[in-house]
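**Student:**
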Amino acid sequence: MSTAIRWFWFASPQTFYPLAGAIARVSAVGAALLVAAGLYVGFFVAPTDAQQGEVYRVIFIHVPAAWMSMFLYVVMAFWAAIGLAFNTRLSAMMASAIAPTGALFTFVALWTGALWGRPTWGTYWVWDARLTSELILLFLYLGFMALQAAIDDARRADRAGAVLAIVGVVNVPIIYYSVQWWNTLHQGASVSLTRAPSMASTMLAGMLLMALAFWLYSIAATLARVRCIIRERA
Amino acid sequence: MSWGSWGEFWAMGGKGFFVWGSYAVTFACLALEVYFLRRRSREAKT
Amino acid sequence: MKPRHKRLAAIAVGLAALGAAAALVLSAMRENLVFFFTPSQVAASEAPQGRTFRIGGMVEKGSVQRSGVEVRFLVTDTAKAIPVVYSGALPDLFREGKGVVAQGQLGPDGVFRAREVLAKHDENYMPPEAAEAVKRAHETAERAAKTLK
Numbered sequence: 006m007s008t009a010i011r012w013f014w015f016a017s018p019q020t021f022y023p024l025a026g027a028i029a030r031v032s033a034v035g036a037a038l039l040v041a042a043g044l045y046v047g048f049f050v051a052p053t054d055a056q057q058g059e060v061y062r063v064i065f066i067h068v069p070a071a072w073m074s075m076f077l078y079v080v081m082a083f084w085a086a087i088g089l090a091f092n093t094r095l096s097a098m099m100a101s102a103i104a105p106t107g108a109l110f111t112f113v114a115l116w117t118g119a120l121w122g123r124p125t126w127g128t129y130w131v132w133d134a135r136l137t138s139e140l141i142l143l144f145l146y147l148g149f150m151a152l153q154a155a156i157d158d159a160r161r162a163d164r165a166g167a168v169l170a171i172v173g174v175v176n177v178p179i180i181y182y183s184v185q186w187w188n189t190l191h192q193g194a195s196v197s198l199t200r201a202p203s204m205a206s207t208m209l210a211g212m213l214l215m216a217l218a219f220w221l222y223s224i225a226a227t228l229a230r231v232r233c234i235i236r237e238r239a
Numbered sequence: 034m035s036w037g038s039w040g041e042f043w044a045m046g047g048k049g050f051f052v053w054g055s056y057a058v059t060f061a062c063l064a065l066e067v068y069f070l071r072r073r074s075r076e077a078k079t
Numbered sequence: 015m016k017p018r019h020k021r022l023a024a025i026a027v028g029l030a031a032l033g034a035a036a037a038l039v040l041s042a043m044r045e046n047l048v049f050f051f052t053p054s055q056v057a058a059s060e061a062p063q064g065r066t067f068r069i070g071g072m073v074e075k076g077s078v079q080r081s082g083v084e085v086r087f088l089v090t091d092t093a094k095a096i097p098v099v100y101s102g103a104l105p106d107l108f109r110e111g112k113g114v115v116a117q118g119q120l121g122p123d124g125v126f127r128a129r130e131v132l133a134k135h136d137e138n139y140m141p142p143e144a145a146e147a148v149k150r151a152h153e154t155a156e157r158a159a160k161t162l163k
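Chains as they are written, first to last, in my numbering: chain A, 6 to 239; chain B, 34 to 79; chain C, 15 to 163.
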C-alpha cells in the first residue's frame with residue numbers, strides 16, 4: 006500500500022519537479038560519458054568492415070537513433086493513453102515532453118540513413134517499406150506536436166494529441182517488421198532478441214554504448230522539458 | 034585501430050563526407066535541442 | 015485568432031498530418047510494398063508488362079561482362095535468372111554473388127533494361143580477416159564435398 010501512495014505522490018507535477026531535475030542531471034552526465042566511450046570504441050577499437058570499408062561507422066549513430074525513434078514513440082503513446090484514461094496531468098505532460106526528442110531521433114535516423122545509403126546502396130532515398138514507414142513516423146511526431154501547439158486549452162490539446170499518438174502506434178511494428186514482411190532494399194536487423202547478433206563484438210559494443218548514451222540523453226532531455234511544461238502550466 | 038595517421042582518420046577511406054556529414058548533423062541537432070531547452074527553461078522560470 | 019478559428023486550424027493541421035501519413039501508406043501499399051520482384055516472379059510473368067518495375071536478387075557469379083560503359087549480368091534467386099543490361103555507374107557494393115536491385119523495363123527479348131542499379135547488402139558486419147576466414151572455411155567445405163562425391 007505504501008508504494009502505491011508513493012506513486013501517487015510522484016504523480017503530482019509539483020512533487021515530481023525536483024525529482025525530474027535530479028534524474029535529468031545525472032542522466033545528462035551519464036550520456037556525455039557514454040557518448041565519449043561509444044565514439045572511442047566506434048572509431049578506434051572497432052575494425053574496418055569487410056564489405057563496406059569505413060563508411061559502415063555511420064551505424065554507431067544510425068541504429069541507436071532508429072531504435073530510440075521507435076521506442077520513444079511507444080513511450081509517448083503509453084503516457085498519452087494513461088493520461089487519456091485516468092486524466093492524470095503529469096502523464097499527458099510526459100507525452101508532450103517526449104515528442105520533440107522523438108522527432109529529433111527520427112530525423113537523425115533518416116538523415117544518417119540517407120548519407121549511408123548513397124555510398125553503399127547507390128541512392129540517398131528509395132520508397133521501400135522500411136524507409137517509408139520511418140518517414141511516416143516523423144510525420145506522426147510532427148503532427149502530434151502541431152496539433153498540440155494549435156490548441157490553446159491544455160487539457161483539450163492533451164486529449165487530441167493522445168488520440169493521434171495512440172492511432173499512430175500501429176506504425177511502430179510496421180517499421181520494425183517491414184524488412185521481414187516485404188521485399189525491401191534495407192537489410193534485415195543485425196541485432197535482435199531472437200538470435201545472436203551478426204556483428205563483430207567490438208562493433209556491437211560501440212553500437213550498444215551509443216544506444217545507451219542516446220537512452221540517457223532522451224531521459225535527460227525529456228525530463229528537462231517536462232519541468233519547463235510544469236512551470237509553464239502552473 | 035585502423036588508422037595510420039590523422040589524415041587517414043578524417044578521410045574515412047574516401048567516405049569522409051558521408052561519415053562526418055552524419056556525425057556532424059546528429060551532434061548539431063542534439064546541441065540545438067539542448068540550447069532550446071535551456072532557453073525555454075530560463076523563460077519558464079521568469 | 016478567435017478560439018473557434020484556432021480549433022479549426024488545429025483540426026486542419028491534425029487532418030493534414032493524418033492525411034500525409036495515410037497518403038504515404040497508400041502509395042506504399044500500391045507499389046512499394048512489393049519493392050522488387052524476384053527473377054522467379056518475372057519468369058512466371060507476375061511482374062508488370064511494359065511498365066517500369068524493379069527486380070531483386072543476387073548477381074550470378076561469373077556473369078558480369080563489361081564492354082565500355084555497358085554492363086551485362088544475370089540476376090538470380092538460385093531458381094531462375096534474368097539477364098540485365100545497364101549502362102552507367104555501379105554502386106561500390108555491386109559485386110558478384112551479392113544482392114542487387116535494378117529498376118527498369120523488361121524487353122520483349124526477355125532482357126531487363128535497367129535505368130538504375132542499387133546494391134542490397136546483408137546485415138553482417140565483420141573485419142576483413144574474419145570475412146577471409148569465413149570464405150576459406152566455405153571453400154574447404156566445398157572442396158570436401160566435391161572429393162566425397
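Cβ atoms here follow ideal geometry from the backbone N, Cα and C, with glycine treated the same way.
This one's a predicted model, so the numbers in the text were calculated from it and none came from an experiment.
In angstroms with no decimal places, state the Cα-to-Cα distance between R71 (chain B) and A205 (chain A).
**Tutor:** Computed Cα separation, rounded: 39 Å.
**Student:** Identify whether T90 (chain C) lies in helix, strand or coil by the three-state DSSP scheme.
**Tutor:** T90 (chain C): strand per DSSP, three-state reduction.
**Student:** Could you check the C-alpha separation between F149 (chain A) and H67 (chain A) for me, to the nearest Å?
**Tutor:** In a straight line, the C-alpha of F149 (chain A) is about 24 Å away from that of H67 (chain A).
**Student:** Using a Cβ-Cβ distance under 9 Å, would E139 (chain A) count as near chain B?
**Tutor:** So, not an interface residue.
**Student:** Quickly, what does DSSP pair D85 (chain C) with across the bridge? List them, please.
**Tutor:** Before going on, a small fix: residue 85 (chain C) reads as Val here, not Asp. C:R80 and C:Y100, per the DSSP bridge assignment.
**Student:** At the level of alpha carbons, what is the spacing between Y78 (chain A) and A167 (chain A)?
**Tutor:** So the alpha carbons of these two residues sit roughly 12 Å apart.
**Student:** To the nearest angstrom, how far is it from the Cα of A229 (chain A) to the Cα of P105 (chain C)?
**Tutor:** A229 (chain A) and P105 (chain C): Cα-Cα distance of roughly 44 Å.
**Student:** Just the chain A side, please: which residues come within less than 7 Å of S74 (chain B) by C-beta, in chain order?
**Tutor:** Within 7 Å Cβ-Cβ: A229, R232 and C233.
**Student:** To which residues does DSSP link V73 (chain C) through a beta bridge?
**Tutor:** The partner list for V73 (chain C) (beta bridge, DSSP) reads C:V89.
**Student:** Quick check: F76 (chain A) and R62 (chain A), are their CB atoms within less than 9 Å of each other?
**Tutor:** No, the pair does not count as a contact, with Cβ atoms beyond the cut-off.
**Student:** On the CB-based measure, 16 or more other CB atoms within 10 Å of its CB, does Q185 (chain A) come out buried or exposed?
**Tutor:** Looking at its Cβ environment, which holds fewer than 16 other Cβ atoms inside 10 Å, Q185 (chain A) is exposed.
**Student:** So if DSSP puts K134 (chain C) in a beta bridge, which residue, or which two residues, is it bridged to?
**Tutor:** In DSSP, K134 (chain C) forms a bridge with C:G113.
**Student:** Check whether the Cβ atoms of M98 (chain A) and I234 (chain A) lie closer than 9 Å to each other.
**Tutor:** For M98 (chain A) and I234 (chain A), yes; Cβs fall inside 9 Å.
**Student:** Which chain A residues are close to F50 (chain C), counting only those with a beta carbon under 9 Å from its beta carbon?
**Tutor:** Neighbours of F50 (chain C) on chain A, chain order: D133, N188, T189 and L190.
**Student:** So, does the CB of L109 (chain A) fall closer than 9 Å to a CB anywhere in chain B?
**Tutor:** Chain B contact via Cβ: present.
**Student:** Do you know offhand how far V125 (chain C)'s Cα is from S101 (chain C)'s?
**Tutor:** Near 14 Å, if we compare the C-alpha coordinates of S101 (chain C) and V125 (chain C).
**Student:** For A114 (chain A), collect the residues of the same chain with a Cβ closer than 7 Å to its Cβ; drop the 5 residues on either side in sequence, then sort them by chain order.
**Tutor:** Closer than 7 Å at Cβ, skipping near neighbours: H67, A70, A71, S74 and E139.
**Student:** State the Cα-Cα distance for the pair D54 (chain A) and E146 (chain C), rounded to the nearest angstrom.
**Tutor:** If you take the alpha carbons of D54 (chain A) and E146 (chain C), they lie about 12 Å apart.
**Student:** Given a threshold of 16 other Cβ atoms within 10 Å of its Cβ, counted over all protein chains shown, does A85 (chain A) qualify as buried or as exposed?
**Tutor:** With 16 or more Cβ atoms within 10 Å of its Cβ, A85 (chain A) is classed as buried.
**Student:** When you compare the segment 88–96 of chain C with the segment 56–75 of chain C, are there three or more beta-carbon pairs, one atom per stretch, that lie closer than 8 Å?
**Tutor:** Touching, yes, given that three or more Cβ pairs across the two stretches are closer than 8 Å.
**Student:** Specify, as a first and last residue, the run of the alpha helix (DSSP H) that E66 (chain B) falls within.
**Tutor:** Here the alpha helix (DSSP H) through E66 (chain B) covers G49 to K78.
**Student:** With burial defined as no fewer than 16 other Cβ atoms inside 10 Å of the residue's Cβ, what is the status of W39 (chain B): buried or exposed?
**Tutor:** With fewer than 16 Cβ atoms within 10 Å of its Cβ, W39 (chain B) is classed as exposed.
**Student:** Does the separation of the CB atoms of Y146 (chain A) and P202 (chain A) fall below 9 Å?
**Tutor:** Not closer than 9 Å, so no.
**Student:** Can you tell me whether DSSP reads D54 (chain A) as helix, strand or coil?
**Tutor:** In the structure shown, D54 (chain A) sits in a strand (DSSP, three-state: E or B).
**Student:** To the nearest angstrom, report how far apart L120 (chain C) and A95 (chain C) are at their CA atoms.
**Tutor:** So the alpha carbons of these two residues sit roughly 13 Å apart.
**Student:** To be precise: take each residue of the segment 96–124 of chain A, compare its Cβ to all Cβ atoms of chain C, and keep it if any distance is under 7 Å. Which residues remain?
**Tutor:** If the cut-off is 7 Å between Cβ atoms, the segment 96–124 of chain A has P124 near chain C.
**Student:** Would you mind telling me which residues of chain A sit closer than 7 Å to Y56 (chain B), beta carbon to beta carbon, in chain order?
**Tutor:** Under the 7 Å cutoff, chain A gives I66.
**Student:** Kindly indicate which three-state DSSP category F108 (chain C) falls into: helix, strand or coil?
**Tutor:** Note: F108 (chain C) maps to coil in three-state DSSP.
**Student:** When we look at the beta-carbon of F69 (chain B) and count the other beta-carbons within 10 Å, is it buried (16 or more) or exposed?
**Tutor:** Burial call: exposed.
**Student:** Find out if the Cβ-Cβ distance for the pair V83 (chain C), I141 (chain A) is shorter than 9 Å.
**Tutor:** Contact flag unset, no.
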